[in-house]
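Participant: For reference, the structure I am asking about is given below.
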Amino acid sequence: MIPTVRPTVMRYTCRGQDDDSTRFYYSHLVHYLSEICCIFNTSFSNWNSNSSNFSQSTATIQAQGFRDNRPDFFDKGRIQMEQEVKQLEQENPQPILTIESGQIQWQNIIFQEGGFSIWMPAGTMTEETEIIEIEKGKIKFKVFASHPGAARFVVAYSEILNSQQLANQKNILPTFQKQIVDVTGFELSSDRDYNLGEIPGREFVLKNDTEIITFRIYLVGQRLHLIGASEIEKDNEITGAVVTFLDSFKVNQGVGSRE
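So for the sequence shown, my numbering puts the first residue at 988; every next one is plus one.
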């Protein structure tokens, strides 16, 4: 059951890095999105100097970004956002997921630009822009991660892919999965098709001696989406949280068929 608190709406606009209200800038950028798995590194020190702590259930994050053809918040997008928030607020499950070592507070985040919403554990939050190079050009991704304790919860979405990048859609997800597996050095424990209705997707699990990382990747219209969560196998302190996070991914109404 997905926990409910007041939804958090994240809208991204270009703002100065020195604006205190928008200091969501991070210096630890990597060369390929496949290296997103570095986010799951249990060493927390990499994130201490450039992160923002979410202590409230409601927040607005301003960050450098790119725009798609969805309406601006101050235009027709505002009405759509209000409708989505109202729908989410009508749901009434429990606000807290109890785990063996404590509790995880959840917040629902609506990514207007990415065209989806997801429940993320409240905690230290990081944001990065990643660019990967493929045979048919570069793809820009926005990557967001929540870091409650030693765990990592990550969501990412790409810019709109061009016609060349979408030419062979059947191979997009398997190729994306292979890139992630190759760069981690983890063992591929399992993988399978995991469609979201008519939206094509895959789920795969990576393991090493101490850590388990579960990924789901989707091709939503003309964008790639990635969701990932790690847990330390010996502690197993967030049982249930990973599934709750992965299952909470929801494509906004009207997104997926075309952009």
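Glycine is no exception: its CB is placed at the ideal position from the N, C-alpha and C atoms.
Within the same chain, show all residues whose beta-carbon is closer than 8 Å to that of valine 1192, passing over the 5 residues directly before and after it, in chain order.
Facilitator: Leu1175, Ser1176, Ser1177, Asp1178, Ile1199, Ile1200, Thr1201 and Phe1202
Participant: Which residue marks the beginning of the beta strand (DSSP E) containing aspartate 1169, and which one marks its end?
Facilitator: No beta strand (DSSP E) contains aspartate 1169, which is instead part of the alpha helix (DSSP H) from 1156-1171.
Participant: For the beta strand (DSSP E) holding phenylalanine 1236, just list the boundary residues, first then last.
Facilitator: No beta strand (DSSP E) contains phenylalanine 1236, which DSSP labels as neither H nor E.
Participant: Closer than 8 Å is the cut-off here; do at least three beta carbon pairs connect the segment 1233-1242 with the segment 1205-1216?
Facilitator: yes
Participant: Return the residue from the list Leu1211, Val1230 and Lys1129 that minimises the CA-CA distance to proline 1247.
Facilitator: The requested residue 1247 does not occur in the structure, where the chain is confined to residues 988 to 1246.
Participant: Can you list, in chain order, the residues of its chain whose CB lies under 6 Å from that of isoleucine 1118, leaving out five sequence neighbours each side?
Facilitator: Lys1125 and Lys1127
Participant: Of the choices Ala1138, Ala1143 and Glu1115, whose alpha-carbon is the least far from that of serine 1104?
Facilitator: Ranking Ala1138, Ala1143 and Glu1115 by Cα distance to serine 1104 puts Ala1143 first.
Participant: Note the first and the last residue of the continuous beta strand (DSSP E) segment covering lysine 950.
Facilitator: Only positions 988 to 1246 of the chain appear in the structure, and residue 950 is not among them; the question remains open.
Participant: Assuming contact is defined by CB atoms lying nearer than 7 Å, are asparagine 1195 and phenylalanine 1173 in contact in what I supplied?
Facilitator: yes
Participant: Mapping the DSSP letters down to three states, classify valine 1229 as helix, strand or coil.
Facilitator: helix
Participant: I'd like to check one pair, valine 1141 with glycine 1227: are the Cβ atoms closer than 7 Å?
Facilitator: no
Participant: Do threonine 1116 and alanine 1132 have their beta-carbon atoms positioned less than 7 Å apart in this structure?
Facilitator: no
Participant: Given a cut-off of 7 Å, decide if glutamine 1090 and alanine 1109 are closer than it, judged by their beta-carbon atoms.
Facilitator: no
Participant: Rounding to the nearest angstrom, what Cα-Cα distance links isoleucine 1186 and asparagine 1155 in this structure?
Facilitator: Taken atom to atom, the span from the alpha-carbon of isoleucine 1186 to that of asparagine 1155 is near 16 Å.
Participant: Between glutamine 1151 and lysine 1123, what straight-line distance do the alpha-carbon atoms span, to the nearest angstrom?
Facilitator: 6 Å
Participant: With DSSP as the reference, identify every bridge partner of glutamine 1094, one or two as the case may be.
Facilitator: Met1107
Participant: Compute the beta-carbon to beta-carbon distance between valine 1242 and glycine 1136, rounded to the nearest angstrom, for a pair I have assumed lies under 8 Å.
Facilitator: Not really, about 32 Å apart at Cβ, beyond 8 Å.
Participant: Can you tell me which of the three DSSP states threonine 1197 falls into?
Facilitator: In the structure shown, threonine 1197 adopts coil according to DSSP, grouped into three states.
Participant: Where does glycine 1184 land, buried or exposed, given buried means 16+ other C-beta within 10 angstroms?
Facilitator: Result: exposed.
Participant: Indicate the three-state DSSP secondary structure (helix, strand or coil) for serine 1150 in the structure shown.
Facilitator: coil
Participant: Could you name the residues that DSSP lists as bridge partners for serine 1177?
Facilitator: Val1192
Participant: Ordered along the chain, which non-local residues of its own chain (more than five positions away) have a Cβ less than 7 Å from that of arginine 1065?
Facilitator: Confidence at arginine 1065 is low in this model, with a pLDDT of 40, below 50, so its placement is unreliable and the value that follows should be read with caution. Closer than 7 Å at the Cβ level, and outside the excluded window around arginine 1065, lies no residue.
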